[in-house]
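Trainee: Counted the way the UniProt record's numbering counts, the sequence shown spans residues 1 to 375.
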Amino acid sequence: MVQSDQQDRAAYEELARLEASALFYFQRSEAQNARIEDLEKALRRFQDEGVRSEKLAELDEKLSRATSSLALSAKLVAKLKSALVAKEQVRFDLETKLRSVLSGGRVAVQLRSSRAPRAEATGEDEQPAPSVRTSVAAPSGSLYGASILSYRSMLTRHMAGTSALIREEAAPYAALKAPSKGFLFVLTYPRSGDLVLQKMLNSIPGYCIRGELGGAVRPLSRAWAETVSRGTRGDKDDLEVASLAFGWDVANEFVAHLLAPPESARVVGFRSNEIYDDIESFWNLTSFLYTTFPHARIIFNTRNAERVSRSGPWARQPQDKVLQTLRNMDGFFDDFARSYPERSLCVKYDDYTTSSPALKRLYDFLGEDVRPLLQ
Numbered sequence: 001m002v003q004s005d006q007q008d009r010a011a012y013e014e015l016a017r018l019e020a021s022a023l024f025y026f027q028r029s030e031a032q033n034a035r036i037e038d039l040e041k042a043l044r045r046f047q048d049e050g051v052r053s054e055k056l057a058e059l060d061e062k063l064s065r066a067t068s069s070l071a072l073s074a075k076l077v078a079k080l081k082s083a084l085v086a087k088e089q090v091r092f093d094l095e096t097k098l099r100s101v102l103s104g105g106r107v108a109v110q111l112r113s114s115r116a117p118r119a120e121a122t123g124e125d126e127q128p129a130p131s132v133r134t135s136v137a138a139p140s141g142s143l144y145g146a147s148i149l150s151y152r153s154m155l156t157r158h159m160a161g162t163s164a165l166i167r168e169e170a171a172p173y174a175a176l177k178a179p180s181k182g183f184l185f186v187l188t189y190p191r192s193g194d195l196v197l198q199k200m201l202n203s204i205p206g207y208c209i210r211g212e213l214g215g216a217v218r219p220l221s222r223a224w225a226e227t228v229s230r231g232t233r234g235d236k237d238d239l240e241v242a243s244l245a246f247g248w249d250v251a252n253e254f255v256a257h258l259l260a261p262p263e264s265a266r267v268v269g270f271r272s273n274e275i276y277d278d279i280e281s282f283w284n285l286t287s288f289l290y291t292t293f294p295h296a297r298i299i300f301n302t303r304n305a306e307r308v309s310r311s312g313p314w315a316r317q318p319q320d321k322v323l324q325t326l327r328n329m330d331g332f333f334d335d336f337a338r339s340y341p342e343r344s345l346c347v348k349y350d351d352y353t354t355s356s357p358a359l360k361r362l363y364d365f366l367g368e369d370v371r372p373l374l375q
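(1) Exposed or buried, E58, counting other C-beta atoms within 10 Å across all chains shown (16 or more means buried)?
(2) In whole angstroms, what is the alpha-carbon distance linking F46 and L63?
(3) DSSP state of A216, grouped into three classes?
(4) So, do the region 355-366 and the region 306-318 have three or more beta carbon pairs nearer to each other than 8 Å?
(5) Relative to the alpha-carbon of L362, which residue among N301, Q375, F336 and W314 has its alpha-carbon at the smallest distance?
(6) Apart from the five residues on each side of it in sequence, which residues of its chain come closer than 8 Å, Cβ to Cβ, to residue 382?
(7) Does the beta-carbon of R271 have 16 or more other beta-carbons within 10 angstroms, so that it is buried, or is it exposed?
(8) Locate the alpha helix (DSSP H) running through T302, then write down its first and last residues.
(9) Closer than 7 Å by C-beta to A337: which residues in its own chain qualify, once you throw out the five before and the five after it? Chain order, please.
(10) So, with DSSP's three-state summary, where would you put F246?
(11) When burial is assigned at 16 or more other CB atoms within 10 Å of the CB, is Q198 buried or exposed?
(12) Taking the straight line between their C-alpha atoms, what separation do you get for R218 and S68?
(13) To the nearest angstrom, report how far apart R371 and A31 are at their CA atoms.
(14) Between L176 and A251, how many whole angstroms is the CB-CB distance? I'm expecting something under 8 Å.
(15) Hey, could you find the ends of the alpha helix (DSSP H) R338 is sitting in?
(16) Only counting the same chain, and skipping five residues up and downstream in sequence, which positions put a Cβ closer than 8 Å to that of S311?
(17) So, with DSSP's three-state summary, where would you put V255?
(18) If you measure between the beta carbons of G269 and L374, is that distance less than 7 Å?
(19) Ordered along the chain, which non-local residues of its own chain (more than five positions away) have a Cβ less than 6 Å from that of Q319?
(20) Judging by CA-CA distance, which residue of R210, L289 and G215 is the nearest neighbour of P261?
(21) In angstroms, rounded to a whole number, what distance separates the CA positions of Y207 and T286?
(22) Do you know whose CA, among Y189, A216 and L201, lies nearest P313's CA?
(23) Helix, strand or coil for K348? Go by DSSP, reduced to three states.
(24) Answer with buried or exposed for A216, where buried requires no fewer than 16 other C-beta atoms within 10 angstroms of its C-beta.
(25) Leaving out five residues before and five after D369 in sequence, what residues of the same chain have Cβ atoms less than 8 Å from its Cβ?
(26) In this structure, how does DSSP classify F293 when only helix, strand and coil are distinguished?
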């Protein structure tokens, strides 16, 4: 048991080092990009002013060194990101093991707590600590009751001496483990041809991509982001575990009760064409999907903004605002796909419906054979 704990701790420490290294090289790359831009501006200025060729040669040399350094940093960043992706399954297995151990009562997670222990145990489960939210209500008018999102029984605190002990009642994550190839989500906006893409994906054997879910996803992602945010504050206490566990609990219930895929499904997910006007809400959603669903991949479906703006409900709105909204969302999609190219892809409806290479690019991303579709 001790050896297993040491291995788990070593794996988490390695993941933390990788994340820290990736952040360092990202920041370094940004600084080098800024340096290259300054050098290029200086070079153009000196050229315009007719400065001596020696000075220009010196600037050219500095620019060359900075460019080479940036290329090296980019390679390191790519390797680190690949390593982080590879570690995600390890992290999921460790978290599952931790929760199984906690539910069996074999090991207690000792957390910092300023609260005094109870004088004596009553033998009954105590209510979760006040700092942990006991439930997340579904949106008004939703078809899905708040009980689906309840995690009142997720954590139960037991005090022993001056330690805060946290035990989780059995949660095997069966629904999250079921799809052998993980999860796939299609994010887009109305009138983008997303229904065509959904039908195409569901034609692949073993794929189960559900349609719109009545706005159920946004409040889930907002609640998860709020819990994680609370868990980063000074007094982490039981939130260190709650912010970790909440995402898995919600995702497991979401798959089991809302998506409800068949047992034969290899890939499970949904299509969403909700509008996101601000970057924070969009990143709450994508981070929730990317972080809490094992092996999650995201496809961003886009279409010519001018054509979309003249279609359906968009046509009844001011065109300048519609175009701005569509272009903002295209920008959100592109930024995320560039940040996480291993697990996200931007596609254009007009491309994959008319071009075999574009369709093959989509299927290559999925790891599927496109030839049956082209025959």
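For glycine and all other residues, C-beta sits at the position ideal for the given N, C-alpha and C.
Mentor: Reading off the structure:
(1) By 1-based counting over the sequence shown, the position of residue 58 is 58. Counting Cβ neighbours within 10 Å, E58 comes out exposed, since fewer than 16 surround it.
(2) Counting from 1 along the sequence shown, the entry for residue 46 is found at position 46. Counting from 1 along the sequence shown, the entry for residue 63 is found at position 63. In a straight line, the C-alpha of F46 is about 14 Å away from that of L63.
(3) Taking the first residue of the sequence shown as 1, we reach residue 216 at position 216. A216 falls in the coil class under three-state DSSP.
(4) no
(5) Taking the sequence shown and counting its residues from 1, one reaches residue 362 at position 362. The candidate whose alpha carbon is nearest that of L362 is N301.
(6) In the structure as shown, the chain begins at 1 and stops at 375. Residue 382 is therefore absent and cannot be evaluated.
(7) For the purposes of this step, residue 271 is taken as the residue at position 271 of the sequence shown. Result: buried.
(8) Looking up residue 302 in the sequence shown gives position 302. From DSSP, T302 is part of no alpha helix (DSSP H) but of the beta strand (DSSP E) over A296 to T302.
(9) Counting from 1 along the sequence shown, the entry for residue 337 is found at position 337. If the five residues before and after A337 are omitted, its C-beta is found closer than 7 Å to the C-beta atoms of F300, S344, L345 and C346, all from its own chain and listed in chain order.
(10) Locating residue 246 in the sequence shown gives position 246, where the first residue counts as 1. Helix at F246.
(11) One-based indexing of the sequence shown puts residue 198 at position 198. With 16 or more other Cβ atoms within 10 Å, it is buried.
(12) Taking the sequence shown and counting its residues from 1, one reaches residue 218 at position 218. Taking the sequence shown and counting its residues from 1, one reaches residue 68 at position 68. Looking at the two C-alpha atoms, the distance is approximately 43 Å.
(13) Translated into positions along the sequence shown, residue 371 becomes position 371. Translated into positions along the sequence shown, residue 31 becomes position 31. So the two alpha carbons sit approximately 45 Å from each other.
(14) Counted from its first residue, the sequence shown places residue 176 at position 176. Counted from its first residue, the sequence shown places residue 251 at position 251. 6 Å between Cβ atoms; contact.
(15) Here residue 338 refers to the residue found at position 338 when the sequence shown is read from its first residue. That run of the alpha helix (DSSP H) goes Q319 to S339.
(16) Walking along the sequence shown from the start, residue 311 turns up at place 311. R191.
(17) Position 255 of the sequence shown, counted from the start, is the residue given in the question as residue 255. Residue state, collapsed to three classes: helix.
(18) The sequence position of residue 269 within the sequence shown is 269, counting from 1. The sequence position of residue 374 within the sequence shown is 374, counting from 1. The answer is no: Cβ separation not under 7 Å.
(19) Translated into positions along the sequence shown, residue 319 becomes position 319. If we look at Q319 and ignore the five residues flanking it on each side, its Cβ neighbours are S309.
(20) Taking the first residue of the sequence shown as position 1, residue 261 is located at position 261. That would be R210, whose Cα lies nearest to the Cα of P261.
(21) Here residue 207 corresponds to residue number 207 of the sequence shown, with the count starting at 1. Here residue 286 corresponds to residue number 286 of the sequence shown, with the count starting at 1. Distance between the alpha carbons of Y207 and T286 is about 21 Å.
(22) Reading the sequence shown from its first residue, position 313 is the one you call residue 313. The shortest Cα separation from P313 among Y189, A216 and L201 belongs to Y189.
(23) On the sequence shown, residue 348 is found 348 positions in, with the first residue counted as 1. If DSSP states are grouped into helix, strand and coil, K348 belongs with the strands.
(24) In the sequence shown, counting from the first residue as 1, residue 216 sits at position 216. So A216 ends up on the buried side.
(25) On the sequence shown, residue 369 is found 369 positions in, with the first residue counted as 1. Here the set comprises Y363.
(26) What you label residue 293 is simply residue 293 of the sequence shown in a count that begins at 1. Residue state, collapsed to three classes: coil.
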